[in-house]
Amino acid sequence: MKYKFSLAALLLLLTALLAVPFVSGGTERVSVLVQAGDVDTAVAIVEAYGGELNEQLAIINAVSATVPEHALNAIAADGRTVAIHQDEEANVAGTTAARHINQVDATFPEVMGVDEVWAERIKGQQIGVAIVDTGIANSLWAARRVVARYDALDNGTWRLDPHGHGTMMASLIGNSTRDVDGFIGIAPRVKFIDVRALDAEGKGTYTDIIEGLNWILENKDEYNIRVVNLSLLGSISSPYWADPVNQAVEMLWDAGIVVVAAAGNVGPDAMTIAAPGNDPFVITVGAFTDNYTPDDPSDDYIAPFSGAGPTEVGFVKPDVVAPGAHMLTYAPAHSAWAQENQDLRVTGNYYEIAGTSSATAVTTGLVALMIQENPDMTPNQIKYALMASAQPAAYEDGTLAWSIFQQGAGRVWAPTAVLNPAEGEANAGMISGEPYVGPVVYRDGEFILVDENGEPLADAEGYSWVGGYSWVGGYSWVGGYSWVGGYSWVGGYSWVGGYSWVGGYSWVGNTDWDEWTQEDVWQSGYSWVGGYSWVGGYSWVGGYSWVGGYSWVGGYSWVGLTSFEE
Numbered sequence: 040m041k042y043k044f045s046l047a048a049l050l051l052l053l054t055a056l057l058a059v060p061f062v063s064g065g066t067e068r069v070s071v072l073v074q075a076g077d078v079d080t081a082v083a084i085v086e087a088y089g090g091e092l093n094e095q096l097a098i099i100n101a102v103s104a105t106v107p108e109h110a111l112n113a114i115a116a117d118g119r120t121v122a123i124h125q126d127e128e129a130n131v132a133g134t135t136a137a138r139h140i141n142q143v144d145a146t147f148p149e150v151m152g153v154d155e156v157w158a159e160r161i162k163g164q165q166i167g168v169a170i171v172d173t174g175i176a177n178s179l180w181a182a183r184r185v186v187a188r189y190d191a192l193d194n195g196t197w198r199l200d201p202h203g204h205g206t207m208m209a210s211l212i213g214n215s216t217r218d219v220d221g222f223i224g225i226a227p228r229v230k231f232i233d234v235r236a237l238d239a240e241g242k243g244t245y246t247d248i249i250e251g252l253n254w255i256l257e258n259k260d261e262y263n264i265r266v267v268n269l270s271l272l273g274s275i276s277s278p279y280w281a282d283p284v285n286q287a288v289e290m291l292w293d294a295g296i297v298v299v300a301a302a303g304n305v306g307p308d309a310m311t312i313a314a315p316g317n318d319p320f321v322i323t324v325g326a327f328t329d330n331y332t333p334d335d336p337s338d339d340y341i342a343p344f345s346g347a348g349p350t351e352v353g354f355v356k357p358d359v360v361a362p363g364a365h366m367l368t369y370a371p372a373h374s375a376w377a378q379e380n381q382d383l384r385v386t387g388n389y390y391e392i393a394g395t396s397s398a399t400a401v402t403t404g405l406v407a408l409m410i411q412e413n414p415d416m417t418p419n420q421i422k423y424a425l426m427a428s429a430q431p432a433a434y435e436d437g438t439l440a441w442s443i444f445q446q447g448a449g450r451v452w453a454p455t456a457v458l459n460p461a462e463g464e465a466n467a468g469m470i471s472g473e474p475y476v477g478p479v480v481y482r483d484g485e486f487i488l489v490d491e492n493g494e495p496l497a498d499a500e501g502y503s504w505v506g507g508y509s510w511v512g513g514y515s516w517v518g519g520y521s522w523v524g525g526y527s528w529v530g531g532y533s534w535v536g537g538y539s540w541v542g543g544y545s546w547v548g549n550t551d552w553d554e555w556t557q558e559d560v561w562q563s564g565y566s567w568v569g570g571y572s573w574v575g576g577y578s579w580v581g582g583y584s585w586v587g588g589y590s591w592v593g594g595y596s597w598v599g600l601t602s603f604e605e
């Protein structure tokens with residue numbers, strides 16, 4: 040499914056590129072990322088057009104720079120330029136939540152079955168977990184466990200975490216404080232690697248995030264970094280493979296580091312998966328709530344803010360869901376978040392939060408436990424085992440209570456994932472750095488799964504979705520439906536985070552795009568028909584030609600934090 044190019048297509052792209060989104064003229068300077076064949080060439084390009092170099096980003100053969108606005112067209116047209124990107128912003132993936140508890144009792148580890156793993160003395164010992172966020176503040180539970188710090192912010196404050204979000208994520212991942220029946224965090228013995236890329240407002244740029252990811256790649260062996268937590272959100276302004284942050288996370292994945300990313304907090308509508316969670320390689324996590332009844336899964340439900348799939352190029356996301364509402368966590372007392380959310384304080388420095396950022400963090404902790412017990416597993420094997428052990432919400436007759444585009448493979452379940460992981464590999468047949476399209480199309484008002492000929496899967500009926508937030512209640516998260524190896528259809532169609540057909544079909548779709556009409560619902564591998572169109576012509580820079588009116592204009596942008604009350 041590699042992308043095919045032609046000279047005519049590239050010329051068309053350049054023509055489109057000169058039209059949007061950059062405007063010539065003027066004396067303004069803009070922040071961009073310039074990619075070339077190597078970093079030295081990217082530096083030379085920036086210098087040749089009067090730009091000012093900011094950071095070198097070897098992980099994606101790029102530099103970030105401030106360049107004259109009037110030079111953008113010339114840089115884009117320079118034969119040495121592979122791609123030029125606006126330096127997009129990203130924010131923390133947090134929300135607030137109404138407070139309903141008044142004691143230090145984190146119930147989410149038990150909801151995930153983590154207490155059964157702790158009983159086997161598996162607590163994440165010696166596993167390095169990198170948290171790319173606002174920093175990690177000093178605390179008793181993290182004392183001597185933050186083994187390295189890297190600050191990608193050029194003008195950051197001296198305070199370790201002025202915002203608070205990074206510390207809250209670290210607490211969910213591995214707070215070693217004991218509560219009434221266990222620990223506050225999922226993996227209370229992991230080693231933290233603090234990679235600060237978001238500022239005191241919880242915001243950051245692609246440059247800072249990629250710089251942090253680059254540092255992780257260069258230092259992974261020294262600190263045994265096996266997992267990276269990305270509880271942050273960016274808008275979708277291109278297909279996943281053209282996004283520079285996604286390019287960087289795929290480099291980490293290829294280097295043996297598991298990347299766990301948030302689904303996003305602008306659900307429940309379809310196509311609300313945020314970057315970098317839209318990358319098909321990584322583990323993307325949505326959120327569910329136990330509805331304040333941790334011992335009764337029958338009333339659990341997907342949090343309405345949780346981002347839903349499919350992705351912009353037709354992949355099933357999220358991959359799994361995890362607890363993400365009324366999450367007990369530690370926040371630095373004088374952090375900006377704590378000062379603004381005193382109504383969410385439970386006791387001391389403990390607060391209650393919600394969001395797919397929280398679901399991502401607890402899943403990161405679970406992955407650390409999996410790696411401790413199974414140290415030789417690759418990222419693809421970890422993802423496969425995590426999805427295979429997940430428990431989907433289903434009715435007694437086996438039909439799904441929530442679409443796979445909302446719950447993925449289902450809720451994570453630690454005992455099976457850690458102690459008896461399924462053997463197999465996600466992302467089967469996929470190579471990081473290559474562009475792929477997924478199996479989902481939009482047809483007759485529904486998102487459906489199709490075969491290589493664009494025909495609906497006969498044995499996947501019931502997996503279609505019209506979007507939105509619907510549930511009529513009365514289901515159990517445990518049993519009632521058999522999932523084998525991730526997404527398993529009765530007829531033997533298996534999808535486990537990549538796109539692997541094991542039921543006799545060979546996927547031959549590709550990422551070429553052609554002109555289409557309402558009658559043409561399958562075009563060279565993938566088409567959107569009606570309802571979810573992209574407005575405009577051709578709007579991004581890079582080596583991929585789109586010839587059917589598909590324009591990526593940041594349609595999934597979001598601002599700040601959202602709220603959720605149960």
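My numbering puts the first residue of the sequence shown at 40, with every later residue one more than the last.
We put the beta carbon where it would ideally sit given N, CA and C, even for glycine.
Pairwise C-beta distances place the stretch 425-440 out of contact with the stretch 179-198, as fewer than three of them are shorter than 8 Å.
Straight through space, the alpha carbons of Thr246 and Ala364 are spaced by roughly 31 Å. Contact between the stretch 306-323 and the stretch 337-353 is established, with three or more Cβ pairs separated by less than 8 Å. Gly241 and Gly205 have their C-alpha atoms roughly 9 Å apart.
Fewer than three pairs of CB atoms, one per stretch, sit closer than 8 Å, so the stretch 361-377 makes no contact with the stretch 182-194.
Fewer than three beta-carbon pairs drawn from the stretch 154-166 and the stretch 303-315 are found closer than 8 Å, and the two stretches are therefore not classed as touching. For Gln445, the enclosing alpha helix (DSSP H) covers residues 443-446. The C-beta distance from Pro319 to Tyr475 rounds to 6 Å, short enough to fall under 8 Å.
Asp144 is the residue among Asp144, Ala104, Ala467 whose C-alpha sits nearest the C-alpha of Val219. For His124, same chain residues with a beta-carbon under 6 Å away, outside a window of 5 residues either side, are Leu72, Pro283 in chain order. Note that the stretch 448-460 touches the stretch 405-415; at least 3 beta-carbon pairs, one per stretch, sit closer than 8 Å.
Looking at the DSSP output, Phe222 sits in a beta bridge with Arg217.
Pairing Val267 with Ile84, the inter-Cα distance amounts to about 32 Å. Distance check between Thr146 and each of Arg217, Val168, Ala300 places Arg217 closest, using alpha-carbon atoms only. DSSP, reduced to helix, strand and coil, places Thr455 within a helical segment of the structure shown.
As summarised for the stretch 465-499, the continuous beta strand (DSSP E) elements at least 3 residues long and confined to that stretch are 479-482, 485-488, given in chain order.
Within the same chain, Ala132, Ala301, Ala302, Gly303, Asn304, Val324, Gly325, Ala326, Ser345, Gly346, Gly363 come within 7 Å of Thr395 by CB-CB distance, once the 5 residues on both sides are set aside.
Cα atoms of Tyr88 and Asp172: separation of roughly 33 Å, rounded to the nearest angstrom. In this structure, the CA atom of Ala400 is about 20 Å from the CA atom of Pro431. In this structure the stretch 383-393 does not touch the stretch 246-259; the number of beta carbon pairs closer than 8 Å is below three. One thing to note: Ile114 has its Cβ no nearer than 9 Å to the Cβ of Val102. Distance from the CA atom of Ala287 to the CA atom of Ala281, rounded to whole angstroms, is 11 Å.
Excluding residues up to 5 positions away in sequence, Gly484, Glu485 lie with their Cβ nearer than 7 Å to the Cβ of Val505 in the same chain.
No Cβ-Cβ contact shorter than 9 Å links Ile392 with Met151. Assigned with DSSP and collapsed to three states, Ser277 falls in coil, not helix or strand.
The stretch 172-187 makes contact with the stretch 223-242; the number of CB pairs closer than 8 Å reaches 3 or more. Taking the Cα of Pro343 as reference, the smallest distance to any Cα among Ser471, Pro333, Ala467, Val360 is reached at Val360. Assignment of Asn304 by DSSP, reduced to helix, strand and coil, places it in the coil class. Under DSSP, Pro107 forms a beta bridge with Arg68. In the DSSP assignment, Lys242 falls within the unbroken beta strand (DSSP E) covering 242-244.
Among the bridge pairs identified by DSSP, Trp504 is matched with Phe486.
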